[in-house]
Amino acid sequence: MYYGWFIVSGALLSQVAMVGFFTYVFSLLVLPLQISFDATRSEVMYSMSLTAMLGLFLAPAIGVMADKFPIRWLMVLGASIFGGGLFALSMTQSLLQFTLLFGVVMGLSNQLLGPLCGSAIISRWFTENRGKALGIAATGSSLGGILLPALFVLWLEESGDWRGALQNLSYSVLFILLPYLFFVMRDFRPPKELEKSEKATGSSSLKQPSEHQEYSLKQIIKDLNYWIVGISLALLFSSYSALLANLTPYLVGQGFDKAIAAQAIMIIAISGFVGKISFGYAADKVSLRLALSVTQMAVIVGLLILAANPSYLMIAVALTILGLSTGGMLPVWGALLAAIFGTVSYGRVMGLMMPLIVLIVIPGYSLAGYLSDQSGNYTSCFIIFSAFIAISMPLALLLKIASTANADPALNQRGEPLAARNME
Numbered sequence: 001m002y003y004g005w006f007i008v009s010g011a012l013l014s015q016v017a018m019v020g021f022f023t024y025v026f027s028l029l030v031l032p033l034q035i036s037f038d039a040t041r042s043e044v045m046y047s048m049s050l051t052a053m054l055g056l057f058l059a060p061a062i063g064v065m066a067d068k069f070p071i072r073w074l075m076v077l078g079a080s081i082f083g084g085g086l087f088a089l090s091m092t093q094s095l096l097q098f099t100l101l102f103g104v105v106m107g108l109s110n111q112l113l114g115p116l117c118g119s120a121i122i123s124r125w126f127t128e129n130r131g132k133a134l135g136i137a138a139t140g141s142s143l144g145g146i147l148l149p150a151l152f153v154l155w156l157e158e159s160g161d162w163r164g165a166l167q168n169l170s171y172s173v174l175f176i177l178l179p180y181l182f183f184v185m186r187d188f189r190p191p192k193e194l195e196k197s198e199k200a201t202g203s204s205s206l207k208q209p210s211e212h213q214e215y216s217l218k219q220i221i222k223d224l225n226y227w228i229v230g231i232s233l234a235l236l237f238s239s240y241s242a243l244l245a246n247l248t249p250y251l252v253g254q255g256f257d258k259a260i261a262a263q264a265i266m267i268i269a270i271s272g273f274v275g276k277i278s279f280g281y282a283a284d285k286v287s288l289r290l291a292l293s294v295t296q297m298a299v300i301v302g303l304l305i306l307a308a309n310p311s312y313l314m315i316a317v318a319l320t321i322l323g324l325s326t327g328g329m330l331p332v333w334g335a336l337l338a339a340i341f342g343t344v345s346y347g348r349v350m351g352l353m354m355p356l357i358v359l360i361v362i363p364g365y366s367l368a369g370y371l372s373d374q375s376g377n378y379t380s381c382f383i384i385f386s387a388f389i390a391i392s393m394p395l396a397l398l399l400k401i402a403s404t405a406n407a408d409p410a411l412n413q414r415g416e417p418l419a420a421r422n423m424e
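FYI, in the UniProt record's numbering the residues of the sequence shown are 1 to 424.
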């Protein structure tokens, strides 16, 4: 079995734990934290805001580190910080302590264990199967959303409070995830044959992007591809995030109860899981420009269906389309960055792109709220978000994507790097 698939398993498990806690489990902590610290809901949410703010600065720095240092050790460090931080959070005696510690711990571990490092190391181990590998790893976030909340609720019931539940999660990270990453993860290094070939052919030329070309931060910022991919993906993420945040109010406004809203979230989660795998496979078979365009068109179709105030059946169809397409964003995004910028600079490119995406995503929440307040419904909101995505679609035609696998002397017949000599 090709060793790269073990790397995929490590990235998948990391996202199960990290994304599962940060995105899904935290909501289960809100009410217990309010009671323990006699705080308002907005005060509890400061911890998430601090994490997001720190992420804007940490992502570019950790992206550079991912290109300079072994990602294996960065992920091991991330698991250590995450596991130890969860235990430390369970010992906090005030909301201020919890907020500051949560922001630092989650800000660091989210970048070290999330898509940034995971996608970077996977992209170095795969070429023709890169999209499939990225898609499989990305399902970790969906699995985390399914498994972690249920497990956390069980721990809450057993321990009787949130502190004991956090400690149980801490033990799981320190004694399961951390050893797995330590023993399984390996850093890919180009074979000597490839290094000699690149030196002989002078493949470092900026005119022809190479799988192993190194970009400086200034070169990345000046590259039009960086802005095209960043803005296109940011508008997709913004639309999707605003939809998730407003899905329950939208459905209640349509006359449905909260039980239907829970079903709707499950529809998105399941279809997103399928979308990550299916788009991951497709990214290896079709043009990445086409994959991006299909994703954009599908989101537009889903939003316009919702804007038409449809029946529940059509709402379910729209949410399925949105789940499939937005689930496919992650593998398409990862494959695009590797195809355009190569793998040597992958970490710094993704690290620089994350703040750009976050800065565009954040206003989407307020815009959706403002539009719904003004009109009393979400019709204009969905139409305007669809228009933003439609305007960005022609940008995909300007992307310059180089072929990186076909002529690479370090690849086997399946398009996978020859790894026998490439593990540290």
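For glycine and all other residues, C-beta sits at the position ideal for the given N, C-alpha and C.
- Here DSSP, grouped into helix, strand and coil, assigns F188 to strand.
- Between G140 and L12, the C-beta gap is smaller than 8 Å, which places the two residues in contact.
- Buried is the label assigned to F102, since at least 16 other Cβ atoms lie within 10 Å of its Cβ.
- Excluding its 5 nearest sequence neighbours in each direction, A338 has C-beta neighbours in its own chain below 7 Å: S123, R130, Y346, listed in chain order.
- For G63, the enclosing alpha helix (DSSP H) begins and ends at 41 to 68.
- A straight line joining the alpha-carbon of M266 with that of K218 spans about 42 Å.
- Spatial neighbours of L86 in its own chain (CB-CB distance under 6 Å, excluding positions within 5 residues in sequence) are listed in chain order as L166, L169, S170.
- Nearest Cα to I391 within the set L304, L235, V349, G369: L235.
- Judged by DSSP in its simplified three-state form, F6 adopts helix.
- Classified as exposed, P394 has fewer than 16 neighbouring CB atoms from the shown chains inside 10 Å of its CB.
- Inter-segment contact for the segment 27 to 35 and the segment 51 to 67 is absent: fewer than three beta-carbon pairs are separated by less than 8 Å.
- DSSP places L304 in the helix class (H, G or I) of the three-state scheme.
- The beta carbon of Y365 is closer than 8 Å to those of S241, A242, A245 in its chain, skipping five residues each way along the sequence.
- A contact between stretches requires three or more CB pairs, one per stretch, nearer than 8 Å, and the segment 287 to 305 meets this requirement with the segment 374 to 393.
- For the options S311, G10, S293, the alpha carbon positioned closest to that of S232 is the one of S293.
- The Cβ atoms of G63 and L352 lie closer than 8 Å to each other.
- If you check the CB distance, G83 and L178 come in under 8 Å.
- Taking a contact as a CB-CB distance under 8 Å, the pair M75 and F22 does not count as one, their CB atoms being some 16 Å apart.
- Annotation: S375 to Y250 spans about 12 Å, alpha carbon to alpha carbon.
- With respect to I360, S238 sits close: the two C-beta atoms are nearer than 8 Å.
- In the structure shown, the three-state DSSP call for V317 is helix.
- Around the beta carbon of I221, a 10 Å sphere encloses fewer than 16 other beta carbons of the protein chains shown; the residue is thus reported as exposed.
- Assigned with DSSP and collapsed to three states, T139 falls in helix.
- Taking the CA atoms as reference points, S271 sits about 26 Å from P363.
- Around the beta carbon of S27, fewer than 16 other beta carbons lie within 10 angstroms, which makes this residue exposed.
- In this chain, the alpha helix (DSSP H) harbouring F388 covers 379 to 392.
- Here DSSP, grouped into helix, strand and coil, assigns Q93 to coil.
- Taking the Cα of L324 as reference, the smallest distance to any Cα among A269, A307, R348, N377 is reached at A269.
- Beta-carbon to beta-carbon, G20 and G118 are separated by about 14 Å, too far to satisfy the 8 Å threshold.
- The beta carbons of D67 and V252 sit no closer together than 8 Å.
- Here A138 is not near K285, since their CB atoms are 8 Å or more apart.
- Each of A61, P60, L100 was checked against the Cα of T51, and the nearest Cα belongs to L100.
- For D38, no alpha helix (DSSP H) encloses it, and the DSSP letter there is neither H nor E.
- About 6 Å separates the Cβ atoms of L319 and A264, confirming a contact at the 8 Å cut-off.
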